[in-house]
Amino acid sequence: YTIRINTWRRPEQLVVSVKHHASCPGVKQIQIIWCDKENDPPKEIIDMMMMTTVNNSTNKKIVIERHVENTLNERFNIIEPVPTIGILSIDDDVLRPCEAIDSGFFKWVKSPHRMVGFDARNHVENEDGSWEYGTTKKENKYSLSLTRYCFIHRDYMTQYMSNLPKAILDTVENYFNCEDIAMTLMISSQTQGQPPLLADLWAMNSMIKLDVKAGISGGSSHKKNRDNCVDYFASLLG
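Residue numbering for the sequence shown follows the UniProt record's numbering, beginning at 1 and increasing consecutively.
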């Protein structure tokens with residue numbers, strides 16, 4: 001499988017993530033989604049690229065994929081060739097043991113048309129017919145998965161960028177949020193409403209969160225924005 005790391009100005013965490021994931025035997029290639037036009041990738045990453053490149057330009061273990069736009073849609077915007085049909089989409093501040101990753105991958109191989117996630121979330125319908133985003137603790141059920149750590153078929157990333165309504169892509173860009181909701185609902189709409197599959201519980205619980213400042217999810221408008229996304233995307237995707 002190929003790992004695509006979404007990163008933004010957290011060089012120390014990125015280096016730790018790349019070093020760890022490059023050590024996993026199931027990883028064919030690591031693609032770093034670089035949207036920062038003002039800064040270059042860390043020197044340690046460049047050095048690792050040089051050390052792990054075989055036969056000069058072919059069979060690269062680590063690739064920096066440079067993007068013009070800085071939106072969360074870009075994590076699904078494939079620019080460099082992906083050598084595998086299975087992609088592990090991750091954020092730069094989350095680690096899991098190689099064995100936990102492999103267990104999720106084996107589950108994905110059996111159902112490549114589904115997303116296999118490590119983080120369960122849900123969306124529920126309110127009495128007035130609107131939809132609301134939530135965690136699984138209160139409802140004890142799930143319907144969504146975060147793309148900060150999940151397996152997705154390569155073709156779904158292409159479809160996300162090519163086939164989703166522009167209104168959805170614009171919402172993700174404007175909120176700088178909700179790309180995971182859009183991807184999950186898109187895949188569910190193509191699989192008769194089936195939710196994502198989940199990795200084994202021990203693998204889900206194996207997450208190591210690197211010490212970083214509060215991210216997007218720490219903002220005061222995060223929950224409201226995701227409520228709006230779920231309600232709007234559901235109306236467009238069914």
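Even glycine gets a Cβ: it sits at the ideal position worked out from N, Cα and C.
query, result
"Run through the segment 117 to 172 for me and flag every whole beta strand (DSSP E) of 3 or more residues, listed as ranges in chain order.", "120 to 125, 131 to 135, 149 to 153"
"For S89, which of helix, strand or coil comes out of DSSP?", "strand"
"At a cut-off of 7 angstroms, is H20 close to the ligand ATP when judged by its beta-carbon and the heavy atoms of the ligand?", "This structure lacks the ligand ATP, and indeed carries no ligand of any kind."
"Would you decide whether M186 is buried or exposed? Buried here means 16 or more other CB atoms lie within 10 Å of its CB.", "buried"
"Can V16 and L210 be called in contact, C-beta distance under 8 angstroms?", "yes"
"So, D92 versus N6, is the Cβ gap smaller than 8 angstroms?", "yes"
"Ignore the nearest five residues each way along the sequence and tell me which others in L197's own chain have a CB closer than 8 angstroms to its CB.", "K107, W108, S111, R114, M115, V116, G117"
"Nearest to I3 by alpha carbon, out of Q190, E12, M207, F105?", "F105"
"With V16 as the anchor, note down where its alpha helix (DSSP H) starts and where it stops.", "11 to 22"
"Distance check for K19 and V94, CA to CA, integer angstroms please.", "13 angstroms"
"Using the Cα positions of K141 and L201, report the straight-line distance between them to the nearest angstrom.", "14 angstroms"
"In whole angstroms, what is the alpha-carbon distance linking T52 and F151?", "24 angstroms"
"Give a yes or no on whether the minimum CB-CB distance between S130 and chain D is below 8 angstroms.", "Among the protein chains of the structure shown there is no chain D, as only one such chain exists."
"Just to confirm the assignment, what range does the alpha helix (DSSP H) spanning R226 have?", "222 to 237"
"Quick one: Cα of A203 to Cα of I64, how far?", "28 angstroms"
"Can you tell me whether E74 is buried or exposed? The criterion is at least 16 other CB atoms within 10 Å of its CB, across all chains shown.", "buried"
"If you follow the beta strand (DSSP E) that W34 is in, where does it begin and where does it stop?", "29 to 34"
"Verify whether the separation of the beta carbon atoms of Y133 and D227 is less than 8 angstroms.", "yes"
"Under three-state DSSP, which class holds R114?", "coil"
"Can you list, in chain order, the residues of its chain with a C-beta nearer than 8 angstroms to that of I87? Leave out the 5 residues immediately preceding and following it.", "Y1, T2, I3, R4, F151, I152, H153, R154, M157"
"Hey, how far is the Cα of L237 from the Cα of G26?", "34 angstroms"
"When burial is assigned at 16 or more other CB atoms within 10 Å of the CB, is N163 buried or exposed?", "exposed"
"If you follow the beta strand (DSSP E) that I62 is in, where does it begin and where does it stop?", "62 to 66"
"Given a threshold of 16 other Cβ atoms within 10 Å of its Cβ, counted over all protein chains shown, does Q192 qualify as buried or as exposed?", "exposed"
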